[in-house]
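Accompanying notes for the structure given below.
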Amino acid sequence: MYEQYVKVWTSRLSVLCDICQDIRKSYLVLDVGYHPDNFTGGSDGLLDQWLSFDYLSIKRNCMRFVFFTDIHLLENKDSIIGFEKCLDRMLAFDPQLLINGGDLGVTTEAVNTYYAMIKELPVPVYQVNGNHEICNGSLIPEEAGQFSYSFDDHGIHFVIFDTVRYFEPTDEHPHNWYFVADQQNLEWLAADLAGIPKQMPVILASHCALSTSAPFRFGQKIGMEFPVNEVTDADKVLDLLKSFENVATLHGHDHENCRHSVEGIQILTTAAVAGGWWRNGLDSPNVSGEPQGFRVIDIDSGQIRSRYVALQESQPQLASWYVETAADRYFINVFDASPETQVYVDDIGKLQPLDPFSNSAKSLSPHFYEFSAKNIEKIASKKTLGLTIIFNSGQTNRLEIDCPFFS
């Protein structure tokens with residue numbers, strides 16, 4: 053009888069092994085004194101408990117997926133070659149799924165090209181509408197805002213939240229789009245989340261960010277009617293998410309990284325695959341200097357961690373110099389830093405992140421760490437600089453970067 057249960061257990065567990073690679077070993081241990089007769093029977097049986105979807109989804113929610121955004125196909129130079137390289141690089145991380153954050157391109161041809169390129173991928177690709185989907189015809193203006201949906205995978209709840217809307221341009225707002233969490237979508241989201249266990253990880257993706265740590269970037273003003281890099285009424289979305297233990301929101305649109313937390317919710321804005329709109333092909337940095345790339349997200353036992361990955365392995369992956377020559381200002385650009393990230397420089401010590409509310413930093417990325425004139429004098433003769441970067445997850449990286457402008 054016991055042998056029969058083991059055969060059943062092995063068969064059913066093999067079907068579920070995609071939930072977590074190590075589940076086969078981790079659930080082989082029985083409590084001391086547990087009798088085989090209790091192995092499957094009734095609602096208290098171990099096998100029924102272990103193999104119930106709810107139990108596994110909360111207990112063993114672990115997976116890897118990739119978020120990529122703003123690919124802008126058929127713009128400028130080498131976008132097809134670049135996106136092919138991006139697909140290969142993303143798949144090399146062995147993700148269970150991909151999420152595209154929007155902005156496929158500005159033409160119908162770009163949309164058709166994109167879908168042809170992802171057609172044979174071995175993993176599912178979920179789409180978020182970007183503002184340029186209005187431009188390229190794949191999003192009918194009158195239907196904008198009707199495409200929010202959700203799904204569960206590996207015990208994680210995913211929400212694709214449609215915030216882009218059509219707008220008749222005005223002198224004050226010259227774009228034909230804006231972003232809003234309207235009442236219809238808020239009610240849908242509240243109903244969608246109502247039945248989700250609070251321990252279940254939640255991932256919400258929308259093209260534009262629900263919050264930013266750079267409130268004055270791109271000419272934005274606090275309280276403006278149509279924000280440039282935030283969703284109107286986003287605070288109502290965040291209120292619905294706050295009760296969950298592990299939440300991250302994924303965004304694009306800005307062509308730069310911007311990560312921070314709001315009451316425990318990770319806000320992860322990710323730089324563009326297209327970078328600077330493919331102006332220099334595969335060497336088209338994003339607006340604040342990050343190399344073109346994407347975000348790899350790992351969820352293990354409910355904990356959400358992510359990292360930004362450059363499109364090309366030969367490019368810097370963590371940090372580089374950023375220089376404002378006209379202003380004679382020098383920064384370490386930590387591509388995926390949050391306000392809690394710590395940066396230490398050999399022979400100098402700790403650098404401070406920029407204050408996004410100061411007049412001297414309002415137009416700059418929040419992941420810049422500035423050198424004082426005195427510090428520049430200390431390292432003027434160096435050809436390389438040693439850095440220690442400590443992320444708020446506890447991850448510590450040691451690296452050296454060149455100092456080409458001192459030579």
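Residue numbers (this note's numbering): 53 to 459.
For each residue, glycine too, the CB sits at the ideal point set by N, CA and C.
The structure displayed is predicted, hence computed values, not measured ones.
Straight-line CA distance for residue i to residue j?
i: residue 200; j: residue 213; result: 5 Å
i: residue 116; j: residue 314; result: 23 Å
i: residue 206; j: residue 361; result: 23 Å
i: residue 209; j: residue 143; result: 22 Å
i: residue 389; j: residue 410; result: 19 Å
i: residue 363; j: residue 323; result: 11 Å
i: residue 169; j: residue 198; result: 26 Å
i: residue 291; j: residue 220; result: 30 Å
i: residue 120; j: residue 347; result: 6 Å
i: residue 451; j: residue 398; result: 11 Å
i: residue 78; j: residue 114; result: Reliability fails at residue 78, whose pLDDT of 33 lies under 50, so the model's placement of it is uncertain and the value that follows must be treated cautiously. Computed Cα separation, rounded: 13 Å.
i: residue 189; j: residue 131; result: 20 Å
i: residue 136; j: residue 204; result: 28 Å
i: residue 250; j: residue 285; result: 23 Å
i: residue 141; j: residue 344; result: 12 Å
i: residue 312; j: residue 391; result: 7 Å
i: residue 257; j: residue 179; result: 9 Å
i: residue 252; j: residue 298; result: 7 Å
i: residue 329; j: residue 222; result: 25 Å
i: residue 353; j: residue 419; result: 29 Å
i: residue 185; j: residue 157; result: 7 Å
i: residue 46; j: residue 150; result: Because the chain here runs from 53 to 459, residue 46 falls outside it and cannot be looked at.
i: residue 357; j: residue 266; result: 22 Å
i: residue 325; j: residue 384; result: 22 Å
i: residue 296; j: residue 187; result: 36 Å
i: residue 371; j: residue 146; result: 25 Å
i: residue 403; j: residue 428; result: 12 Å
i: residue 378; j: residue 423; result: 15 Å
State the start and end residues of the unbroken alpha helix (DSSP H) segment that holds residue i.
i: residue 426; result: 425–431
i: residue 420; result: Residue 420 -> not in any alpha helix (DSSP H); beta strand (DSSP E) instead, spanning 420–422.
i: residue 454; result: Here residue 454 belongs to no alpha helix (DSSP H); instead the beta strand (DSSP E) covers 448–454.
i: residue 513; result: The requested residue 513 is not part of the displayed model; the chain covers only 53 to 459.
Can you tell me whether residue i is helix, strand or coil according to DSSP?
i: residue 239; result: helix
i: residue 152; result: strand
i: residue 290; result: helix
i: residue 361; result: strand
i: residue 385; result: strand
i: residue 132; result: helix
i: residue 163; result: helix
i: residue 104; result: Note that residue 104 scores 44 on pLDDT, short of 50, meaning its location in the model is unreliable; the coordinates nonetheless yield the value given after this. Residue 104 falls in the coil class under three-state DSSP.
i: residue 336; result: coil
Do you know whose CA, among the options, lies nearest residue i's CA?
i: residue 192; options: 131, 217 and 390; result: 217
i: residue 436; options: 454, 442, 422 and 170; result: 454
i: residue 321; options: 152, 127 and 136; result: 152
i: residue 231; options: 438, 132 and 259; result: 259
i: residue 414; options: 114, 340 and 299; result: 340
i: residue 264; options: 417, 194 and 129; result: 417
i: residue 211; options: 221, 190, 181 and 220; result: 181
i: residue 167; options: 124, 196, 281 and 331; result: 124
i: residue 443; options: 282, 174 and 395; result: 395
i: residue 254; options: 293, 283, 247 and 163; result: 293
i: residue 373; options: 337, 357, 407 and 354; result: 337
i: residue 305; options: 279, 177 and 419; result: 279
i: residue 122; options: 215, 308 and 227; result: 308
i: residue 302; options: 296, 325 and 310; result: 310
i: residue 202; options: 246, 402 and 425; result: 246
i: residue 400; options: 376, 438 and 408; result: 438
i: residue 368; options: 357, 422, 317 and 387; result: 387
i: residue 289; options: 331, 239, 332 and 277; result: 239
i: residue 134; options: 385, 350, 332 and 402; result: 332
i: residue 159; options: 407, 171, 126 and 281; result: 126
i: residue 174; options: 148, 162, 196 and 195; result: 148
i: residue 283; options: 404, 215, 335 and 370; result: 215
According to DSSP, which residues form a beta bridge with residue i?
i: residue 402; result: 396
i: residue 115; result: 351
i: residue 320; result: 302 and 311
i: residue 205; result: 208
i: residue 175; result: For residue 175, which the question treats as bridged, DSSP gives no partner whatsoever.
i: residue 356; result: 351
i: residue 232; result: 284
Which two residues bound the contiguous beta strand (DSSP E) that contains residue i?
i: residue 310; result: 310–314
i: residue 257; result: 254–257
i: residue 438; result: 436–442
i: residue 216; result: 216–218
i: residue 371; result: 371–376
If you measure from the beta carbon of residue i to each beta carbon in chain D, is any gap under 7 Å?
i: residue 203; result: Absent from the structure: chain D. Only one protein chain is present.
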